[in-house]
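Chains as they are written, first to last, in full-length UniProt numbering: chain A, 1 to 311; chain B, 1 to 311.
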């Protein structure tokens, strides 16, 4: 049941059509763990500076997230990102990125974090991801995120890192860039040939596909009329997906289980975008999550009984 | 059971990574009717020139399409379109468009075509679409396609035309442009306020959503590793969708029926892209269609039973 996530902890400044926030708790590891906390006890590994205080810890602790491996860098400042979304929230402009303590981050995992049953390597430099993966020798499922930057400047290391994980979670642009293959089915096949047995490709507002040896699973995004802040939706999705797998440690990781995991990831991501930063995730209840998964099924269900056709 | 489609009949020259064809039977009404012919007898209304001969008619007749209202313009040439797709087939370049006989097309419907139970108005000038719609007084379901050009230059007429139909089928860019609303759920709501009770928004390789008063239905595209020529996929989708409704004239048009129609549209579109022009649709069998709908359900199904969550 134990789940460890390694990645960024951040303050975000975000501007969308719905408003503006100067200082929001954010970062991939935070968004991930708030989602995964609904499913499994989650240990966060990531660096913070002096500006990261009780209020921020409380958000994580209120959801039962274990912060023993949050590394406080004395004299440092927490990773800061500022961005603006256009009225069409699919268009994002990064205004500022201050890596701060994240620049020299070298993940240090306690024994408890190393003993994780399931591991999520959020988007950090692939050498670091691989070093963490190698410390978690007992993990029965390891999932990896990455970004276009590492595909550009550290491809060789990234490919080695991908070879050592069970699952890659990327968006469609990253999948195409990584494999130099514009067709997503072929791109996913190429990624599976690199090592992972599960490939998840996210399409933002259109949903996500999962590729395994058993075939393809496709799920639309939950239709949301009010997208306030899409920041962290992908990490929240990953938190629900990977958290679901961690929560079912006693079950074999079948295609059927992975599909249920995709549904929980999709449902959780749909909540995250309803408010700024982690605001919605802080008020979310277990019943709301299960209800949204049920709604998501109502969105997707159809009767496929064959009908008489004109041959 | 009777279905009429009004729209373009064309010759296409297409270049994709898979090869090049100089003269393919194409056009919205052709792609539509080859798909709908699997479900309901379909009457095509559209203009052709002297270059449209027995070979082209045979493709339609072999699928039982009724061509009585195909208008031969003596001395004219059939609409011609040439395009090139990049290796990423989502990127299309139009190389040439010769409207030819399509430029002065004024649809003339025989009584049999006017008596259609179901009508599809493929993408033509909205005044013409409206004139056709008004001739088909007995139609119990009318669906409309359009394009960015008419939103740009004939918005007022288009909005009037949309007000008179039951269903609008557009892609996501067109839906956003028509409503000036970047959120698709809101865009669909705005379109429903214009008149239609059914809105279908297509996302190309990501699938399609359908919006009705009963909620949203989302279906992924059938995952296809070999996209040879995407030309006509949208019209083929419409042919399956609208054809399904025409085929079930004895049933009330419920959300459940419309969802099955979406699945048939999606399945048929996935065949169309497997070869150039109409080549794949010419060899397609009824069993293959029903089998693909069943496969599409296997792609989308998941168990949404609630699980114990950490509250």
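For each residue, glycine too, the CB sits at the ideal point set by N, CA and C.
These figures come from a predicted structure and were not determined experimentally.
For residue 290 of chain B, at least one C-beta of chain A is nearer than 8 angstroms to its own C-beta. Using a 10 angstroms sphere on the CB of residue 156 of chain A, the tally of other CB atoms stays under 16, which defines it as exposed.
In terms of beta-carbon proximity, residue 285 of chain A lines the interface with chain B, with at least one pair separated by less than 8 angstroms.
Annotation: residue 128 of chain A has no Cβ neighbours in chain B at a cutoff of 9 angstroms; minimum Cβ distance is about 29 angstroms.
Closer than 9 angstroms at the C-beta level to chain B, one finds these residues of the segment 289-308 of chain A: 289, 290, 291, 293, 294, 295, 296, 297, 298, 299, 300, 301, 302, 303, 304, 305, 306, 307, 308.
Excluding the 5 residues flanking it on each side, residue 117 of chain B has same chain C-beta neighbours closer than 8 angstroms at 1, 2, 3, 138, 139, 140, 141, 246, 249, in chain order.
Residue 109 of chain B sits in coil when the DSSP states are folded into three classes, being neither helix nor strand.
At a cut-off of 8 angstroms between C-beta atoms, residue 88 of chain A counts as an interface residue with respect to chain B. The C-alpha of residue 11 of chain B is placed about 53 angstroms away from the C-alpha of residue 243 of chain A. When A:50, A:63, A:18 are compared, the shortest CA-CA separation from residue 309 of chain B is found for A:63.
Taken through DSSP and simplified to helix, strand or coil, residue 43 of chain A comes out as strand. Taking the Cα of residue 9 of chain B as reference, the smallest distance to any Cα among B:37, B:184, B:18, B:32 is reached at B:32. For residue 205 of chain B, the chain A residues whose C-beta falls within less than 8 angstroms of its own C-beta are 184, listed in chain order.
The beta carbon of residue 126 of chain B sits closer than 6 angstroms to the beta carbons of 150, 154, 157, 158, 161 from its chain, once the five residues preceding and following it are set aside; these are given in chain order. Beyond the five residues adjoining it in sequence on each side, residue 189 of chain A comes within less than 8 angstroms, by CB distance, of 211 in the same chain, given in chain order. Taking a 10 Å sphere around the C-beta of residue 91 of chain B, we find fewer than 16 other C-beta atoms and assign the residue as exposed.
Within chain B, the residues whose beta carbon sits less than 7 angstroms from that of residue 224 of chain A are 185, listed in sequence order.
For residue 262 of chain A, the chain B residues whose Cβ falls inside 8 angstroms of its Cβ are 302, in order along the chain. Closest in C-alpha terms to residue 14 of chain A, from the list A:305, A:279, A:303, comes A:279. At least one C-beta of chain A is nearer than 8 angstroms to the C-beta of residue 217 of chain B.
In this structure, DSSP gives residue 80 of chain B an extended state, which the three-state scheme calls strand.
At least one CB of chain B lies nearer than 8 angstroms to the CB of residue 64 of chain A. Here DSSP, grouped into helix, strand and coil, assigns residue 176 of chain A to helix. Residue A:235 holds the alpha-carbon nearest to the alpha-carbon of residue 34 of chain A among A:299, A:196, A:172, A:235. With respect to residue 36 of chain B, residue 239 of chain B sits close: the two C-beta atoms are nearer than 8 angstroms. With respect to the 8 angstroms criterion, residue 222 of chain A and residue 299 of chain A are classified as neighbours on the basis of their beta carbons.
At a cut-off of 8 angstroms between beta-carbon atoms, residue 310 of chain B makes contact with chain A. Nearest CB-CB separation between residue 34 of chain A and chain B: not below the 8 angstroms threshold.
Between the alpha carbons of residue 68 of chain A and residue 144 of chain B lies a distance of about 59 angstroms.
Residue 106 of chain A is classed as exposed because its beta carbon has fewer than 16 other beta carbons within 10 Å across all chains shown.
A:89 is the residue among A:124, A:23, A:89 whose C-alpha sits nearest the C-alpha of residue 183 of chain B. For residue 27 of chain B, the number of other beta carbons within 10 angstroms of its own is at least 16, and it is reported as buried. Its chain contains 200, 208, 210, 217, 219, 241 as the residues whose beta carbon lies nearer than 8 angstroms to that of residue 262 of chain A, once the 5 sequence neighbours on both sides are disregarded; these appear in chain order. Using a Cβ distance threshold of 8 angstroms, residue 97 of chain B and residue 66 of chain B do not count as a contacting pair. For residue 255 of chain B, the uninterrupted alpha helix (DSSP H) run begins and ends at 255-272, by DSSP. Beta bridge pairing from DSSP links residue 15 of chain A with A:20, A:84.
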